[in-house]
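Report on one structure; see the data block that follows.
Chains as they are written, first to last, in our numbering: chain B, 107 to 450; chain S, 3 to 168.
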């Protein structure tokens with residue numbers, strides 16, 4: 107492997123890292139601005155123009171606050187919890203194709219960190235690992251509220267993982283590949299998977315909300331019952347890491363949803379514009395990010411629209427609604443595919 | 003794609019993992035460097051809404067969570083078996099070889115999913131998916147005001163002027 111290759115990959119990794127972190131940072135501002143808009147108030151507007159410096163202030167404050175590790179806590183696991191949460195959140199973005207290949211000075215630079223042939227399984231696996239962060243942190247705190255939050259988080263995310271996996275299977279029956287890059291390439295133009303898998307998308311989207319612990323599935327940290335849920339005992343930067351991982355998860359799951367169902371960086375008439383490939387790659391990337399932002403807004407919109415579920419309602423929705431529905435979706439997809447192949 | 007290429011792809015994943023670890027170490031180190039540290043007995047005690055904390059939190063919790071984890075394990079393993087099937091099902095090249103391929107694989111998977119469904123129905127009927135539902139209790143107060151008076155009050159409609167300045 108030549109040096110230029112390693113430098114190029116390293117630069118790409120750093121770039122994606124920085125972009126992910128900046129988007130996660132500004133999601134916190136966007137969340138409060140959207141909340142303000144929905145509730146007919148301004149939201150943060152003091153730090154810088156339109157409150158643009160607010161995330162920086164928040165970040166700075168996290169650093170300057172005293173870190174408290176309760177005397178009764180398991181110290182090693184207490185630190186390990188948020189660490190796992192943020193690392194799993196960060197590495198899940200490795201397989202997402204951000205755009206078409208760029209050609210810089212005769213070198214082909216793919217806008218994707220790693221094109222693994224089991225891409226979607228990788229995302230699925232890393233997301234499943236994320237629950238360890240919450241579970242460890244909540245248990246190690248030695249606080250009853252934290253423990254309840256952690257146990258809820260674990261059983262909630264494993265329940266919704268099944269429905270999520272089954273809805274992915276139905277989509278794989280259409281795409282017949284696990285590589286995210288190939289899935290995106292198949293959706294060229296306007297052949298988005300949402301048109302063939304609308305039910306699958308609905309199930310996947312619901313499960314993504316549950317996996318991100320977003321309202322209406324935020325039972326692991328519901329303030330009105332559990333104070334802060336699994337991060338009750340956390341303070342300072344460790345709390346910041348938990349918050350951050352939640353926003354990164356939201357960003358990555360939006361990106362995955364766009365990649366799987368909304369054509370990724372494709373947009374209608376992409377090839378009839380007659381632009382140079384490099385320009386198209388950049389344009390595609392911009393479109394991709396716009397779609398992601400739309401999804402992030404959707405996440406926030408839902409937050410201020412729906413109330414939180416009760417725990418038994420949450421489990422009923424997961425096991426008795428989404429799993430049967432996703433199995434029905436698989437059967438339906440299979441039958442339609444066979445009928446189409448045999449008779450048309 | 004051959005195996006060597008995939009190894010390097012996972013090498014890039016490792017690269018991003020290393021970046022993540024460095025980021026966490028850096029933030030924790032920076033926090034340690036500039037944050038004040040003045041621990042006291044009260045600060046380090048477990049938070050229980052201002053009361054004295056009672057005992058440890060490392061206690062037994064509801065066994066239902068364990069049950070859910072067990073059922074999840076079974077479903078997840080079954081799901082892993084379906085993934086490879088989904089990628090070869092309805093593949094044009096395999097269909098072209100033998101046109102019975104599609105129907106055969108579909109029926110095969112129906113048997114498999116059927117067993118999965120029987121498992122779900124069994125768990126469902128067994129009541130393993132049931133959670134204890136809260137029973138709302140109406141508070142009763144002994145006052146001399148008849149209940150109909152409250153009903154009358156509740157039915158009263160107040161007209162609020164809209165468009166007013168708050």
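Here a beta-carbon is modelled for each residue, glycine too, at the ideal position from N, C-alpha and C. The structure displayed is predicted, hence computed values, not measured ones.
Start and end residues, alpha helix (DSSP H) containing residue i
i: residue 312 of chain B; result: 304 to 317
i: residue 414 of chain B; result: Here residue 414 of chain B belongs to no alpha helix (DSSP H), and DSSP marks it neither H nor E.
i: residue 193 of chain B; result: 181 to 197
i: residue 381 of chain B; result: Counting along the chain, residue 381 of chain B falls outside any alpha helix (DSSP H), and DSSP gives it neither H nor E.
i: residue 160 of chain B; result: 160 to 170
i: residue 375 of chain B; result: Residue 375 of chain B -> no alpha helix (DSSP H), and no H or E assigned at all.
i: residue 115 of chain B; result: 109 to 144
i: residue 356 of chain B; result: 342 to 367
i: residue 238 of chain B; result: 225 to 246
i: residue 267 of chain B; result: 250 to 281
i: residue 293 of chain B; result: Residue 293 of chain B -> no alpha helix (DSSP H), and no H or E assigned at all.
i: residue 430 of chain B; result: 429 to 449
i: residue 332 of chain B; result: 329 to 332
i: residue 156 of chain S; result: 149 to 157
Residue i Cβ short of 7 Å to the ligand MG heavy atom set
i: residue 35 of chain S; result: In the structure shown, the ligand MG is absent, as is every other ligand, since no ligand is present at all.
Residue i: first and last residue of the uninterrupted beta strand (DSSP E) it sits in
i: residue 321 of chain B; result: Run containing residue 321 of chain B: none; DSSP gives neither H nor E here.
i: residue 217 of chain B; result: 213 to 217
i: residue 210 of chain B; result: 205 to 210
With 16 other Cβ atoms within 10 Å as the buried cut-off, status of residue i
i: residue 38 of chain S; result: exposed
i: residue 298 of chain B; result: buried
i: residue 111 of chain S; result: buried
i: residue 3 of chain S; result: Summary for residue 3 of chain S: the model assigns pLDDT 44, below 50, so the residue's position carries little reliability; its value from the coordinates is reported in the next sentence. Residue 3 of chain S is exposed by the Cβ-count criterion.
i: residue 337 of chain B; result: buried
i: residue 175 of chain B; result: buried
i: residue 53 of chain S; result: exposed
i: residue 324 of chain B; result: buried
i: residue 304 of chain B; result: exposed
i: residue 28 of chain S; result: exposed
i: residue 139 of chain B; result: buried
i: residue 117 of chain B; result: exposed
i: residue 190 of chain B; result: buried
i: residue 14 of chain S; result: buried
i: residue 452 of chain B; result: This structure does not reach residue 452 of chain B, given that chain B is present from 107 up to 450, and the question cannot be answered.
i: residue 266 of chain B; result: buried
i: residue 31 of chain S; result: exposed
i: residue 425 of chain B; result: buried
i: residue 160 of chain S; result: exposed
i: residue 449 of chain B; result: exposed
i: residue 439 of chain B; result: buried
Which runs of the alpha helix (DSSP H) spanning at least 4 residues fall entirely within the stretch 89 to 123 of chain S, listed in chain order? For the stretch 89 to 123 of chain S, the full-length alpha helix (DSSP H) segments reaching 4 residues or more read 94 to 99 along the chain.
Specify whether the stretch 98 to 109 of chain S and the stretch 130 to 145 of chain S touch according to this definition: at least 3 beta carbon pairs, one from each stretch, less than 8 Å apart. As far as the Cβ criterion goes, the stretch 98 to 109 of chain S does not touch the stretch 130 to 145 of chain S, which means the pair count is below three.
Got a sec: which bits of the stretch 402 to 418 of chain B sit with their beta carbon under 8 Å from any beta carbon on chain S, in order along the chain? So the close ones are 416, 417, 418.
Using Cβ-Cβ distances below 7 Å, what residues of the stretch 52 to 80 of chain S are close to chain B? If the cut-off is 7 Å between Cβ atoms, the stretch 52 to 80 of chain S has 58, 59, 60, 63, 67, 70, 71, 74, 77, 78 near chain B.
Name, going along the chain, the residues of the stretch 167 to 186 of chain B whose beta-carbon falls closer than 7 Å to a beta-carbon of chain S. The residues in question are 169, 170, 171, 172, 173, 174, 176, 177, 178.
Whole alpha helix (DSSP H) elements within the stretch 18 to 93 of chain S, 4-residue minimum: Taking only runs of at least 4 residues, the alpha helix (DSSP H) segments lying wholly in the stretch 18 to 93 of chain S are 66 to 90.
So does the stretch 127 to 137 of chain B actually touch the stretch 159 to 166 of chain B, counting three or more Cβ pairs closer than 8 Å? In the pairwise beta carbon analysis, the stretch 127 to 137 of chain B is classified as touching the stretch 159 to 166 of chain B: at least three pairs are separated by under 8 Å.
Against chain S, which members of the stretch 140 to 157 of chain B pass a CB distance test of less than 8 Å? Of all residues in the stretch 140 to 157 of chain B, none has a Cβ within less than 8 Å of some Cβ in chain S.
Return the residues of the stretch 213 to 246 of chain B that lie within a Cβ-Cβ distance of less than 8 Å from chain S, sorted by chain order. Contacts with chain S (Cβ-Cβ distance below 8 Å) from the stretch 213 to 246 of chain B involve 219, 220, 221, 222, 223, 227, 228, 245, listed in chain order.
Residues in the stretch 27 to 49 of chain S having any Cβ partner in chain B nearer than 9 Å: Residues passing the 9 Å Cβ filter: 27, 29, 30, 32, 33, 34, 35, 36, 37, 38, 39, 40, 41, 43, 45, 46, 47, 48, 49.
At a Cβ cut of 8 Å, what residues of the stretch 83 to 101 of chain S count as close to chain B, listed as they run along the chain? Within the stretch 83 to 101 of chain S, the residues whose Cβ lies closer than 8 Å to some Cβ of chain B are 84, 85, 88, 89, 90, 91, 92, 93, 97, 101, listed in chain order.
Which residues, in order along the stretch 103 to 126 of chain S, keep a beta-carbon less than 9 Å from a beta-carbon of chain B? From the stretch 103 to 126 of chain S, only 104, 105, 107, 108, 111, 112, 115, 118, 119, 122, 125, 126 have a Cβ closer than 9 Å to chain B.
Give a yes or no on contact between the stretch 338 to 348 of chain B and the stretch 167 to 186 of chain B, applying the rule of three or more CB pairs nearer than 8 Å. Yes, the stretch 338 to 348 of chain B touches the stretch 167 to 186 of chain B.
So if I threshold CB-CB distances at 7 Å, which residues from the stretch 13 to 24 of chain S count as touching chain B? Contact residues of the stretch 13 to 24 of chain S toward chain B are 14, 15, 17, 18, 19, 21, 22, 23 (C-beta to C-beta distance below 7 Å).
Could you please tell me which residues of the stretch 416 to 435 of chain B, in chain order, have their CB closer than 8 Å to any CB of chain S? Closer than 8 Å at the C-beta level to chain S, one finds these residues of the stretch 416 to 435 of chain B: 416, 417, 418, 421, 422, 425, 426, 429, 430, 433.
By the 7 Å beta-carbon criterion, what residues does the stretch 193 to 206 of chain B contribute toward chain S? So the close ones are 193, 196, 197, 200.
Can you find at least 3 beta carbon pairs, one from the stretch 76 to 88 of chain S and one from the stretch 142 to 151 of chain S, that sit closer than 8 Å? They do not touch, by the three-pair rule.
Is the number of C-beta pairs between the stretch 251 to 270 of chain B and the stretch 320 to 335 of chain B that are closer than 8 Å three or more? These segments touch.
Give me the subset of the stretch 137 to 162 of chain S whose CB atoms are less than 7 Å from a CB atom of chain B, sorted by chain position. Those would be none; no residue qualifies.
At a cut of 8 Å, does the stretch 201 to 220 of chain B reach the stretch 264 to 271 of chain B through at least three beta carbon pairs? Too few Cβ pairs lie closer than 8 Å, so no.
The stretch 361 to 374 of chain B contacting the stretch 307 to 324 of chain B, beta-carbon criterion three pairs below 8 Å: Yes, the stretch 361 to 374 of chain B is in contact with the stretch 307 to 324 of chain B.
For the stretch 179 to 187 of chain B against the stretch 236 to 248 of chain B, do three or more pairs of beta-carbon atoms, one drawn from each stretch, fall closer than 8 Å, so that the two count as touching? Short answer: they touch.
Is the number of C-beta pairs between the stretch 218 to 227 of chain B and the stretch 284 to 294 of chain B that are closer than 8 Å three or more? The stretch 218 to 227 of chain B vs the stretch 284 to 294 of chain B: in contact.
Which residues, in chain order, does the stretch 270 to 286 of chain B contribute to contact with chain S at a C-beta distance below 9 Å? Flagged, chain order: 271, 272, 274, 275, 276, 277, 278, 279, 280, 281, 282, 283, 284, 285.
At least 3 beta-carbon pairs within less than 8 Å: the stretch 352 to 360 of chain B vs the stretch 312 to 320 of chain B: Flag = yes, the stretch 352 to 360 of chain B and the stretch 312 to 320 of chain B touch.
Positions along the stretch 437 to 450 of chain B whose CB lies within less than 8 Å of some CB in chain S: So the list reads 437, 440, 441, 443, 444, 447, 448, given in the order they occur along the chain.
Would you list, in chain order, the members of the stretch 365 to 397 of chain B that have their beta-carbon closer than 7 Å to a beta-carbon of chain S? If the cut-off is 7 Å between Cβ atoms, the stretch 365 to 397 of chain B has nothing near chain S.
Beta carbons nearer than 9 Å to chain S: which residues of the stretch 252 to 270 of chain B have them? Result list: 252, 253, 254, 257, 258, 260, 261, 264, 265, 267, 268.
If contact means a Cβ-Cβ distance below 8 Å, which residues of the stretch 303 to 314 of chain B contact chain S? Taking 8 Å as the Cβ-Cβ cut-off against chain S, none of the residues of the stretch 303 to 314 of chain B qualify.
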